[in-house]
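Chemist: Take a look at the following structure, please.
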Amino acid sequence: MLRSLVKRGFVTVAQAPPNDESHSAQEMIAKALILGTFVAYIFASVLSIRLQISYVYGQVIATLAIVEDPTVTAYITVDSGSDDPDAPLSEFNKDGNDRKIAEPELHLVRNRPITSSFRVTLRHLRARDGWTGPLRGAALRVVYCFLVAAAAGLMSYFPRPVGGIIALVLFSRLDLAWNNIVISEGSSQYWFRRLPALRTWFKVLPAASLSAVADHLAVLLPTQLARMNGLKDLVDKVGRAPPADDAERRAIVHALCRYGLAVVVVGLAVFILIQIPATVTLARVQASLLPDSEESIVPFDRSFGGKVVPEIIGGSGVVGMLDAWRSFGWSSRVRLLKLYAKVWAIQISLLVLFAVIFSAEVAYFMPEIANTLRSMVTATPVTVPAV
Numbered sequence: 001m002l003r004s005l006v007k008r009g010f011v012t013v014a015q016a017p018p019n020d021e022s023h024s025a026q027e028m029i030a031k032a033l034i035l036g037t038f039v040a041y042i043f044a045s046v047l048s049i050r051l052q053i054s055y056v057y058g059q060v061i062a063t064l065a066i067v068e069d070p071t072v073t074a075y076i077t078v079d080s081g082s083d084d085p086d087a088p089l090s091e092f093n094k095d096g097n098d099r100k101i102a103e104p105e106l107h108l109v110r111n112r113p114i115t116s117s118f119r120v121t122l123r124h125l126r127a128r129d130g131w132t133g134p135l136r137g138a139a140l141r142v143v144y145c146f147l148v149a150a151a152a153g154l155m156s157y158f159p160r161p162v163g164g165i166i167a168l169v170l171f172s173r174l175d176l177a178w179n180n181i182v183i184s185e186g187s188s189q190y191w192f193r194r195l196p197a198l199r200t201w202f203k204v205l206p207a208a209s210l211s212a213v214a215d216h217l218a219v220l221l222p223t224q225l226a227r228m229n230g231l232k233d234l235v236d237k238v239g240r241a242p243p244a245d246d247a248e249r250r251a252i253v254h255a256l257c258r259y260g261l262a263v264v265v266v267g268l269a270v271f272i273l274i275q276i277p278a279t280v281t282l283a284r285v286q287a288s289l290l291p292d293s294e295e296s297i298v299p300f301d302r303s304f305g306g307k308v309v310p311e312i313i314g315g316s317g318v319v320g321m322l323d324a325w326r327s328f329g330w331s332s333r334v335r336l337l338k339l340y341a342k343v344w345a346i347q348i349s350l351l352v353l354f355a356v357i358f359s360a361e362v363a364y365f366m367p368e369i370a371n372t373l374r375s376m377v378t379a380t381p382v383t384v385p386a387v
């Protein structure tokens, strides 16, 4: 819809009579500013949104938050009943027997998780690997995403979800290596030397398959709902021709809000109830396969409450999918939801900021385009003045 409106606006302005030299100079400045805004947005999208927000916050810190288990600190206090720090904790009776006058008390204090704050987590990562600490595993992630996209493209003859699911499962060995790199202490080895063995990769295939299906359902279900309730057709209709009168315009706005709200609610429900549990399960299963020779950078129980039986004593050496999810407590789930909410808020704020800047530049330097776009929305005629 937006692409259609912008295209029609530029066509209308292009058909306007030419202006004098002063207007030409103003138009050159306007084009330069608008082009600069686009370039700045592209750089900000790549460096800020994709790299800092999407990768560091949405993937690295989110993975650490999934793996981290709450910890407690124990300390003992003794009240002797006296303000004197050197007061005795016991005294002797007349018969010589020891009588205690103070009993020690054990206190447990829940520590604040490292991943409860972006600032604390970033400081924690930089303290271990320097300023590149938050970018740990970035090279492997680029290779993984490229291979998954290429494989999904080569399998386009399959139904769309099937090809993508197969590609994700096929390269889940790289995803396992990425998880172990992110949650472990830095290493001088290159990522391709830290790839897990094939028998280790096979252990994560069920969880990887579940996560791949959940990721596609999170996109497929809202999209199909938009097609079924007529939202997509309504958007296409508005993009082809603006509403003719106020009544039609109000009806379209109400329909867009109603259908759009339904799609958003379904999308959030699928994300919270299906995608997050699958993502948590996969990440914790992968973390249970971290080699014993590597130390984690966040505290987590490698035995998952005794559910992981080492291979050396006949166990599988990996946590089950149900145990991986059940061991992720409610406090950790709330912390993860807050993290995702912060990431969304930052992304939306940046998008709105650039939209406001671009709209202000168009309205100030190119009023013809602004008037044309406004007329398409309000269905009022507009004329381009000839100079």
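Residue numbers (UniProt numbering): 1 to 387. Virtual Cβ for every residue (Gly too), placed ideally from N, Cα, C.
#1: Could you tell me which uninterrupted alpha helix (DSSP H) segments, each at least 4 residues in length, are contained entirely in the region 134–196, listed from first to last along the chain?
#2: If I measure Cβ to Cβ from Ala226 and keep anything under 6 Å in the same chain, skipping five residues before and after, which residues do I get?
#3: State the start and end residues of the unbroken alpha helix (DSSP H) segment that holds Val204.
#4: Where does Ser296 sit, in a helix, a strand or coil, going by DSSP?
#5: So the alpha helix (DSSP H) Thr63 belongs to, where does it begin and stop?
#6: Compute the Euclidean distance between the alpha carbons of Leu256 and Val266, then round it to the nearest angstrom.
#7: How would you label Gln224, buried or exposed, when you count the other beta carbons within 10 angstroms and need 16 or more for buried?
#8: Report the rounded CA-to-CA distance for Val120 versus Gln347, giving the unit in angstroms.
#9: Would you check if the distance between the CB atom of Ser209 and the CB atom of Ala278 is smaller than 7 Å?
#10: When the Cα of Val143 is compared with those of Ala341, Phe171, Asn180, which residue comes out closest?
#11: Would Pro222 be called buried (16 or more neighbouring beta carbons within 10 Å of its own) or exposed?
#12: Measuring CA to CA, which of Leu64, Leu51, Pro196, Leu205 is closest to Ala139?
#13: At the level of alpha carbons, what is the spacing between Leu353 and Ala360?
#14: Am I right that Thr63 and Ile183 are in contact with their C-beta atoms under 8 Å? What's the rounded C-beta distance?
#15: With distances taken between CB atoms, is the gap from Gln275 to Val204 smaller than 7 Å?
#16: Under DSSP, the alpha helix (DSSP H) around Arg112 begins and ends at which residues?
#17: If we call anything under 7 Å between Cβ atoms a contact, is Ile129 one with Gly186?
#18: Starting from Phe118, trace the alpha helix (DSSP H) in both directions and tell me its first and last residue.
#19: Could you give the distance in angstroms between the alpha-carbon of Ala152 and the alpha-carbon of Arg136?
#20: Would you call the CB atoms of Lys338 and Val319 closer than 7 Å?
#21: For Phe146, which of Leu122, Pro161, Phe158, Leu174 has the nearest alpha-carbon?
#22: Below 8 Å CB to CB, which residues in the same chain sit around Trp201 once its five sequence neighbours on both sides are set aside?
#23: Can you grab the Cα-Cα spacing for the pair His216 / Arg193, in whole Å?
#24: In angstroms, rounded to a whole number, what distance separates the CA positions of Ala114 and Val298?
#25: Ala65 and Leu336: beta carbons closer than 7 Å?
#26: Which value, in whole angstroms, describes the spacing of the CA atoms of Leu234 and Ile61?
#27: Quick check on the DSSP output: the alpha helix (DSSP H) that includes Ile276 runs from which residue to which?
#28: Where does Lys307 sit, in a helix, a strand or coil, going by DSSP?
#29: Counting C-beta neighbours from all protein chains within 10 Å, is the total for Ala197 16 or more, i.e. buried, or is it exposed?
#30: Work out the CA separation of Leu122 and Ser327 for me, nearest whole Å.
#31: Checking 7 Å against the spacing of the C-beta atoms, do residue 449 and Arg141 come in under that value?
#32: Roughly how many whole angstroms lie between the Cα atoms of Leu290 and Leu125?
#33: Excluding the 5 residues flanking Gly315 on each side, which residues of the same chain have their C-beta closer than 8 Å to its C-beta?
#34: Assuming contact is defined by CB atoms lying nearer than 7 Å, are Leu220 and Pro161 in contact in what I supplied?
#35: Reducing DSSP to helix, strand and coil, say where Thr132 ends up.
Modeler: If we stick to the structure as given:
#1: 138–154, 160–170, 172–183
#2: Walking along the sequence shown from the start, residue 226 turns up at place 226. Same-chain partners within the cutoff: Lys232, Val263.
#3: Residue numbering aside, residue 204 sits at position 204 when the sequence shown is read from its first letter. Taken as a continuous stretch (DSSP letters only), the alpha helix (DSSP H) holding Val204 covers 198–228.
#4: Counted from its first residue, the sequence shown places residue 296 at position 296. Here Ser296 sits in strand by DSSP.
#5: Numbered from its first residue, the sequence shown carries residue 63 at position 63. First-last of the alpha helix (DSSP H) with Thr63: 62–67.
#6: Position 256 of the sequence shown, counting from 1, holds the residue named residue 256. Position 266 of the sequence shown, counting from 1, holds the residue named residue 266. When rounded, the distance between both Cα atoms is 15 Å.
#7: Counted from its first residue, the sequence shown places residue 224 at position 224. When all chains shown are included, Gln224 counts as exposed.
#8: Taking the sequence shown and counting its residues from 1, the one referred to as residue 120 is at position 120. Taking the sequence shown and counting its residues from 1, the one referred to as residue 347 is at position 347. So the two alpha carbons sit approximately 20 Å from each other.
#9: Within the sequence shown, residue 209 is the residue found at index 209, counting from 1. Within the sequence shown, residue 278 is the residue found at index 278, counting from 1. Contact flag unset, no.
#10: Sequence index remark: in the sequence shown, residue 143 carries index 143 (1-based). That would be Phe171, whose Cα lies nearest to the Cα of Val143.
#11: What you label residue 222 is simply residue 222 of the sequence shown in a count that begins at 1. Per the 10 Å Cβ criterion, buried.
#12: Position 139 of the sequence shown, counting from 1, holds the residue named residue 139. Nearest C-alpha to Ala139: Leu51.
#13: Position 353 of the sequence shown, counted from the start, is the residue given in the question as residue 353. Position 360 of the sequence shown, counted from the start, is the residue given in the question as residue 360. Straight-line Cα distance between these residues: approximately 11 Å.
#14: Position 63 of the sequence shown, counted from the first residue, corresponds to residue 63. Position 183 of the sequence shown, counted from the first residue, corresponds to residue 183. Between Ile183 and Thr63 the Cβ distance is about 7 Å, and since that is below 8 Å, they are a contact.
#15: Translated into the one-based positions of the sequence shown, residue 275 becomes position 275. Translated into the one-based positions of the sequence shown, residue 204 becomes position 204. Result no, Cβ atoms of Gln275 and Val204 do not sit closer than 7 Å.
#16: Translated into positions along the sequence shown, residue 112 becomes position 112. Note, Arg112: premise wrong, no alpha helix (DSSP H); not H, not E.
#17: Numbered from 1 along the sequence shown, position 129 holds the residue referred to as residue 129. Numbered from 1 along the sequence shown, position 186 holds the residue referred to as residue 186. A small fix is needed here, since residue 129 is Asp in this sequence, not Ile. Closer than 7 Å, so yes.
#18: Residue 118 sits at position 118 when you count from the first residue of the sequence shown. 118–129 is the span of the alpha helix (DSSP H), which, as asked, contains Phe118.
#19: Numbered from its first residue, the sequence shown carries residue 152 at position 152. Numbered from its first residue, the sequence shown carries residue 136 at position 136. For Ala152 and Arg136, the distance between alpha carbons rounds to 26 Å.
#20: Here residue 338 corresponds to residue number 338 of the sequence shown, with the count starting at 1. Here residue 319 corresponds to residue number 319 of the sequence shown, with the count starting at 1. Not a contact, by the Cβ cut-off of 7 Å.
#21: The residue given as residue 146 occupies position 146 in the sequence shown. The shortest C-alpha separation from Phe146 is found at Leu174.
#22: Counting from one through the sequence shown, the residue named residue 201 turns up at place 201. Counting only Cβ-Cβ distances below 8 Å, and skipping sequence neighbours, we find Ser172, Arg173, Leu176.
#23: As a working note, residue 216 is residue 216 in the sequence shown. As a working note, residue 193 is residue 193 in the sequence shown. So the alpha carbons of these two residues sit roughly 31 Å apart.
#24: Position 114 of the sequence shown, counting from 1, holds the residue named residue 114. Position 298 of the sequence shown, counting from 1, holds the residue named residue 298. A quick correction: the sequence has Ile, not Ala, at residue 114. Cα to Cα, the separation comes out at about 7 Å.
#25: Taking the sequence shown and counting its residues from 1, one reaches residue 65 at position 65. Taking the sequence shown and counting its residues from 1, one reaches residue 336 at position 336. Yes, they are a contact pair.
#26: Working through the sequence shown from its first residue, we reach residue 234 at position 234. Working through the sequence shown from its first residue, we reach residue 61 at position 61. Straight-line Cα distance between these residues: approximately 39 Å.
#27: Taking the first residue of the sequence shown as position 1, residue 276 is located at position 276. Here the alpha helix (DSSP H) through Ile276 covers 276–288.
#28: Your numbering for residue 307 matches position 307 in the sequence shown. The answer is coil: DSSP assigns Lys307 none of H, G, I, E or B.
#29: For this step, residue 197 is matched to residue 197 along the sequence shown. So Ala197 ends up on the exposed side.
#30: Against the sequence shown, residue 327 aligns to sequence position 327. Against the sequence shown, residue 122 aligns to sequence position 122. Spanning the two alpha carbons is a distance of roughly 25 Å.
#31: What is shown of the chain runs 1 to 387, which leaves residue 449 out entirely.
#32: Reading the sequence shown from its first residue, position 290 is the one you call residue 290. Reading the sequence shown from its first residue, position 125 is the one you call residue 125. Between Leu290 and Leu125, the C-alpha separation is close to 18 Å.
#33: For the purposes of this step, residue 315 is identified with residue 315 of the sequence shown, where counting begins at 1. Counting only Cβ-Cβ distances below 8 Å, and skipping sequence neighbours, we find Val308, Val309.
#34: Position 220 of the sequence shown, counted from the first residue, corresponds to residue 220. Position 161 of the sequence shown, counted from the first residue, corresponds to residue 161. Against a cut-off of 7 Å, the Cβ pair of Pro161 and Leu220 comes out as a contact.
#35: Along the sequence shown, one-based indexing puts residue 132 at 132. Thr132 falls in the helix class under three-state DSSP.
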